[in-house]
Amino acid sequence: MDGPDSSMPRERSPPGNGEDHPAESSQTIYAGRYAVVRELGRGGMGRVLLARDPRIGRDVALKVLVPGNRDEKQLRRFEQEARAAGNLNHPNILTVFDVGEQGGEPYIVTELLTGTTLREALKDGPLEPARAVQLATDLAEGLVAAHEHGIVHRDLKPENLFILRDGRLKILDFGIARLPRDGASSNGQSTDAHA
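Here the sequence shown is numbered in my numbering, starting from 1 and rising by one per residue.
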């Protein structure tokens with residue numbers, strides 16, 4: 001999804017536990033597991049929902065591709081985002097927990113973030129130099145991790161960089177990332193002698 005609501009809400013805190021969520025008799029459940037609490041935002045490709053995972057006892061973000069965006073290109077991008085981010089485990093990259101489809105609706109389940117996008121943070125003026133250096137370091141570390149897996153983001157912009165309340169940066173939206181080809185090693189180099 002594109003824009004400031006691309007993956008996570010701005011400055012919203014998730015409830016502390018399942019007891020904080022209102023009981024809804026018509027609550028939507030994804031994969032027999034993720035109970036939708038409310039919508040957090042919409043973007044160009046879909047919507048982001050706050051959901052509760054009762055098996056683990058945590059709140060998650062559930063990205064759902066909206067019906068009007070189910071053309072082949074958008075579906076490929078959505079699936080690519082799940083594959084790219086789902087293969088990465090790094091503190092500066094949004095964590096993907098699950099992917100699936102329900103009733104023809106593809107979805108991605110990710111960690112729930114609280115904070116703001118870099119775009120929103122910059123509306124308050126330039127960052128302090130030390131803060132900018134720390135965010136650049138976090139970004140570089142996340143990109144190195146992706147590149148070590150042969151994944152190139154290809155859509156870095158302030159809307160896809162999320163500053164957590166604790167100050168760390170997370171890279172979002174791997175929807176147009178270049179993934180490693182079959183036969184590529186973990187560092188992205190071809191293992192085929194003829195490549």
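All residues carry an ideal CB built from backbone N, CA and C; glycine is no exception.
Here the structure is a predicted model, which means the values were calculated and not measured.
Residue i and residue j closer than 8 Å at C-beta
i, j, result
"Ala-35", "Arg-52", "yes"
"Ile-151", "Leu-94", "no"
"Thr-28", "Val-60", "no"
"Leu-65", "Pro-129", "no"
"Phe-174", "Glu-81", "yes"
"Arg-178", "Arg-154", "yes"
Bounding residues of the alpha helix (DSSP H) (the contiguous stretch that carries residue i)
i, result
"Pro-126", "That residue, Pro-126, is in no alpha helix (DSSP H); it is neither H nor E in DSSP."
Start-to-end residues for the beta strand (DSSP E) that takes in residue i
i, result
"Arg-154", "Per DSSP, Arg-154 belongs to no beta strand (DSSP E) and is neither H nor E."
"Gln-80", "Taken as a continuous stretch (DSSP letters only), Gln-80 belongs to no beta strand (DSSP E), being part of the alpha helix (DSSP H) at 72-86."
"Ile-163", "161-164"
"Arg-47", "46-53"
Residue nearest to residue i in terms of C-alpha spacing, selected from the options
i, options, result
"Gly-43", "Val-37, Lys-63 and Arg-83", "Lys-63"
"Gly-115", "Arg-178, Asn-160, Ile-29 and Gln-27", "Asn-160"
"Asp-138", "Ile-163, Ala-145 and Leu-169", "Leu-169"
"Leu-50", "Ala-130, Val-99 and Leu-112", "Leu-112"
"Val-99", "Asn-92, His-90 and Gly-86", "Gly-86"
"Ala-145", "Glu-79, His-90, Phe-162 and Glu-101", "His-90"
"Ala-140", "Leu-156, Glu-128 and Arg-47", "Leu-156"
"Gly-46", "His-153, His-149 and Asp-71", "Asp-71"
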